[in-house]
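All remarks here apply to the structure that follows.
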Amino acid sequence: MRKVLTKLLIISTLLNTFIITPLHAEELSSSNAADVVILVDFSGSITEDPRYPLAEKRALENLVNVSWPLGSKVAIIAFGASDSRNGGKPSTFPMCQNSTEILRNTSDIDLWIDDCVKTIGTSPVGPMTDHNKALKRAVEILSGPDSLNPSKFVLLMTDGKLDVDNLNPVNPDYVGSSEDRDKQAIDELFAEVLPDARAKGIQIWPVGFGDVNRIELNGYAPEGGQPGPESCQREIPKAVIAEPEDLPFEINKIIRQVTCQGEYIKGDNVEVMLPDFADKATVNVQHGPGETFNILGPDGESINGGGEGTETTITIPNPTGGIWQVVGNSDITVGYWWESTFEPVITCPDESNIVTISITPSYNTTNSYVNSPIFEVEVIAEGEKTLYLLELGEEETFTFTNQNINVIADASVSTLDQPGIVTFKRTEENCSNNLITSVNPNIEEPPVIEDADVVDFEEEGFAIPWWLIALFGLTLLYIIWYLLNKRYLKEGTFIISDNTGQLGRIRILKRTKNLTFSINKEEQYGSQVSKSKPGTYGAYEVSKGKRGPDFIIFGPTGTGKETEYPFTIGDKLSLEDGYEVEFEDGYSRKSLIENDNPFEDNTSEGFIIDDELDSEDENNPEESPFG
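First residue of the sequence shown? That's 42 in this note's numbering, and the numbers climb one at a time after it.
Given below as structure tokens:
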């Protein structure tokens with residue numbers, strides 16, 4: 042009997058080990074865990090450039106190098122458009138067929154991702170591009186019972202434009218002419234699919250490469266789900282346009298963004314940029330077993346780390362702004378991010394009815410705002426809501442008419458090109474209108490002075506009206522104001538680009554006399570353009586133009602190639618090394634999406650494919666696996 046009980050105990054222990062333990066392990070997950078659906082473009086245009094399928098292959102293979110939070114799941118779906126020819130093909134197809142699960146755990150992604158990648162180069166879906174059905178399928182998956190993580194998002198990899206059928210009426214999902222079918226797809230996408238995603242908090246991140254419709258993709262992201270007020274996510278969803286070879290990096294970057302992880306750089310001497318306004322910075326270093334490393338700050342700071350294990354995390358409180366170096370004895374992988382809290386500032390008037398709005402770090406007293414994020418400050422006053430775009434050190438004003446006014450201001454981040462986690466505090470103030478004076482009935486009014494509107498000069502024999510004196514005073518004040526402000530640069534934004542696209546943007550704040558910016562093409566994370574100090578090697582110095590041009594741009598300093606470039610607003614200025622500069626007026630900022638409907642007449646040509654090209658593909662099916 043004792044032997045039987047012993048055997049039963051052993052069997053019970055083994056069952057607990059092999060059955061119960063995995064169940065508990067499955068329940069454990071990181072707070073940043075996410076469920077993601079990756080939509081992979083399998084349309085016929087993918088085969089037009091050999092770089093495209095190779096880019097998609099490498100992007101999927103690179104998923105094993107992503108630092109997935111514990112408990113995250115991923116589904117990989119190929120998409121094209123439904124096609125009734127040759128037995129019929131669907132609009133979407135699961136690329137990973139070795140399991141009954143669509144969403145699969147990322148903890149063992151290295152064991153199954155190769156089987157998914159093998160699907161690239163086949164033709165499991167129709168040859169056109171139906172973003173509507175692809176996104177609809179992704180939302181269905183993330184709405185199902187297998188998607189339990191609160192963070193959900195879709196990565197849409199595409200090289201083309203929405204085009205459901207422009208050859209023959211072979212797509213059973215839509216009816217009518219080619220134009221009618223495209224319109225049906227667009228209407229369903231914006232009226233049903235994207236609102237459903239927004240209601241369920243499912244973010245849409247389009248990643249375009251090749252000949253894409255940028256306006257079209259920019260229209261998808263804002264209509265989907267958005268991060269909640271308690272989210273640590275640094276940016277709202279947006280479209281990313283990349284070169285095919287950069288696709289793996291951009292996909293990895295978006296995943297780190299949504300799962301609130303830092304940027305990771307590999308090398309034996311890694312440089313990271315930390316801002317002055319950071320409350321603290323975190324540096325995570327992955328190194329060889331027992332190896333050490335040094336962190337060197339711009340003011341001579343030195344922090345030693347490592348010596349145990351293979352991963353070390355160091356927190357730096359109130360870091361000095363500038364370049365920090367992480368130096369290892371061999372190649373190390375460095376991840377970093379900074380954290381800061383900001384709050385709007387409401388400045389009530391002293392002797393007027395003008396309220397000033399700005400934004401400042403809550404716990405950091407620095408006055409250095411280089412590479413400041415762009416914030417959205419929402420102000421509620423007198424029953425009206427106004428949105429201001431502000432950088433640190435910048436101000437906006439508004440007037441009010443009531444005796445007293447309650448002003449409430451909330452802030453959020455609009456643009457953040459750095460690995461930072463940003464939080465905000467709400468501000469509320471009661472302001473008084475000092476132009477309105479209350480009259481005490483118990484106090485006698487002062488006597489009226491007759492003929493006060495006329496200054497009598499008897500000796501000259503004439504009188505000067507009061508209004509002429511007031512006009513003279515106002516004119517004099519205007520001249521003084523003009524001469525004072527003539528020294529300042531015009532408020533706005535410089536946009537720097539080259540043949541690869543936009544490199545970065547530099548804002549000119551109010552009352553700026555001169556500006557210096559540098560261009561760093563080696564910068565892989567965020568903007569490649571940053572403000573710098575005068576005299577910096579290779580920088581460009583901006584001063585106010587005289588008698589004609591609005592600006593004079595001088596540089597690159599210290600190179601022996603210094604040139605003065607006169608620049609007039611509205612023109613496009615060419616600098617050294619193929620750089621181009623444009624200027625956007627600070628009072629006429631353009632929306633990221635210039636058209637409420639990205640599929641109006643000005644973009645409709647994006648849905649037409651060359652008939653000759655398509656006919657060639659159809660006549661030569663052997664040249665294209667998607668034919």
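Idealized CB from N, CA, C, for every residue including glycine. No experiment lies behind these values; they were computed from the predicted model shown.
| query | result |
| --- | --- |
| Between the beta-carbon of residue 362 and the beta-carbon of residue 315, is there less than 8 Å? | yes |
| Mapping the DSSP letters down to three states, classify residue 118 as helix, strand or coil. | strand |
| Mind listing, in chain order, the continuous beta strand (DSSP E) runs of no fewer than 3 residues lying wholly within the stretch 88-172? | 114-120 and 133-135 |
| Between the Cα of residue 89 and the Cα atoms of 162, 108 and 605, which residue gives the shortest distance? | 162 |
| Along the chain, which unbroken stretches of the beta strand (DSSP E) at least 3 residues long are found entirely within the stretch 247-299? | none |
| Where does residue 223 land, buried or exposed, given buried means 16+ other C-beta within 10 angstroms? | buried |
| Identify whether residue 236 lies in helix, strand or coil by the three-state DSSP scheme. | helix |
| Would you list the residues sitting across from residue 215 in a DSSP beta bridge? | Answer by DSSP bridge pairing: none, since residue 215 is not bridged. |
| Might you give, ordered along the chain, the residues of its own chain that have their beta carbon closer than 6 Å to the beta carbon of residue 431, omitting 5 neighbours on each side? | 400, 416 and 418 |
| Whole beta strand (DSSP E) runs in the stretch 532-569 with 3 or more residues, listed along the chain? | 533-539, 542-549 and 556-560 |
| Across the stretch 271-291 and the stretch 338-355, are there enough close Cβ pairs to call them in contact, namely three or more that are closer than 8 Å? | no |
| How would you label residue 138, buried or exposed, when you count the other beta carbons within 10 angstroms and need 16 or more for buried? | exposed |
| So does the stretch 377-387 actually touch the stretch 321-329, counting three or more Cβ pairs closer than 8 Å? | yes |
| Quick one: using the 10 Å Cβ neighbour count with 16 as the cut-off for buried, is residue 597 buried or exposed? | buried |
| Indicate the three-state DSSP secondary structure (helix, strand or coil) for residue 411 in the structure shown. | coil |
| Expressed to the nearest angstrom, what Euclidean distance is found between the alpha-carbon atoms of residue 429 and residue 454? | 11 Å |
| Between the C-alpha atoms of residue 534 and residue 435, what's the straight-line distance to the nearest angstrom? | 13 Å |
| Among 87, 186, 300 and 238, which one has its Cα closest to the Cα of residue 108? | 300 |
| I need the straight-line Cα distance from residue 514 to residue 424, nearest angstrom please. | 37 Å |
| Is it the case that the Cβ atoms of residue 201 and residue 253 are separated by a distance below 8 Å? | yes |
| Within its chain, find whatever has a CB closer than 8 Å to the CB of residue 422; leave out the 5 residues flanking it on each side and keep chain order. | 396, 439, 441, 446, 447, 448 and 449 |
| Which residue marks the beginning of the beta strand (DSSP E) containing residue 189, and which one marks its end? | Residue 189 -> no beta strand (DSSP E), and no H or E assigned at all. |
| Would you grab the beta carbon distance between residue 114 and residue 147 for me? Rounded to a whole angstrom, and I think it's under 8 Å. | 7 Å |
| Using the DSSP secondary-structure output, state which residues sit across from residue 468 in a beta bridge. | 450 |
| Using DSSP with H/G/I as helix, E/B as strand and the rest coil, what is residue 515? | helix |
| Is it true that the CB of residue 557 sits closer than 8 Å to the CB of residue 573? | yes |
| Quick check on residue 437: does DSSP put it in helix, strand or coil? | strand |
| Quick check: residue 187 and residue 118, are their CB atoms within less than 8 Å of each other? | no |
| Check each candidate in 364, 370 and 336 and name the one with the smallest Cα separation from residue 356. | 336 |
| Let me know the secondary structure DSSP gives residue 595 once reduced to three states. | strand |
| What residue range is occupied by the uninterrupted beta strand (DSSP E) comprising residue 431? | 425-431 |
| Considering only the beta carbon of each residue, do residue 183 and residue 248 sit closer than 8 Å? | no |
| Leaving out five residues on either side along the sequence, give the residues of the same chain with a beta carbon under 6 Å from the beta carbon of residue 493. | Caution is warranted here: a pLDDT of 46 is assigned to residue 493, below 50, making its placement in the model unreliable, and no coordinate value can be reported. |
| Helix, strand or coil: how does DSSP classify residue 229 here? | helix |
| Shortest alpha-carbon distance to residue 179 belongs to which of 168, 190 and 194? | 194 |
| Excluding sequence positions up to five away, which residues of its chain have a Cβ less than 8 Å from the Cβ of residue 221? | 215 |
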